[in-house]
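Asker:
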Amino acid sequence: MAEIQTQGAIAKMDHTVADTESRVIACDVPPSVLARLRRQNGTQVLQAHAAELSARTIADTRPDMVVAPLFGPVLDICELGAFLAEIGYRGTLAVLTPPLPNPEIVREELTTALPELTVQLVTLPLLAAA
1 MAEIQTQGAI AKMDHTVADT ESRVIACDVP PSVLARLRRQ NGTQVLQAHA
51 AELSARTIAD TRPDMVVAPL FGPVLDICEL GAFLAEIGYR GTLAVLTPPL
101 PNPEIVREEL TTALPELTVQ LVTLPLLAAA
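Read in full-length UniProt numbering, the sequence shown has 128 at position 128, and its numbers run on one by one without any break.
#1: By how many angstroms is the C-alpha of A94 removed from the C-alpha of E52?
#2: Quick one: using the 10 Å Cβ neighbour count with 16 as the cut-off for buried, is P69 buried or exposed?
#3: Going straight from the alpha carbon of E21 to that of P101, what length do you get?
#4: Relative to the C-alpha of V67, which residue among L96, A82, T111 and D60 is closest?
#5: With distances taken between CB atoms, is the gap from G91 to T118 smaller than 8 Å?
#6: Where do the ends of the alpha helix (DSSP H) carrying R38 lie?
#7: In terms of DSSP beta bridges, what is T118 paired with?
#8: From L75 to D28, what does the alpha carbon distance come to, in whole angstroms?
Structure follows, in structure tokens:
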């Protein structure tokens with residue numbers, strides 16, 4: 001699932017997360033996304049701010065997925081992804097984005113910049129208004 005483009009995106013992302021009984025770090029995500037992730041059976045969700053992440057957090061949590069916005073309050077997704085790779089994270093980075101004119105170019109750029117991570121774009125129309 002490289003990209004999700006509709007409001008049903010969260011439901012599709014939720015289904016993927018729930019099926020694998022994942023551990024998810026929700027980093028600086030909007031409250032609606034956090035609430036949706038927490039409602040999934042079998043999903044452990046750790047809410048964190050970028051400044052709180054560390055190698056120990058990754059080692060203790062062993063997340064399958066980190067969910068974060070394209071532009072966070074402290075770091076953009078390239079900076080956050082590079083930091084995650086530096087501290088040993090090698091899982092999926094689900095990037096929350098508003099609708100983009102060409103999301104595939106963004107995904108390709110992120111994949112090139114962050115080869116240690118599996119990048120997924122999650123397009124949420126409501127982020128455009130935020």
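Ideal placement from N, C-alpha and C gives every residue a C-beta, glycine not left out.
Answerer: Taking the definition as stated:
#1: 18 Å
#2: buried
#3: 33 Å
#4: L96
#5: yes
#6: P31 to R38
#7: T92
#8: 10 Å
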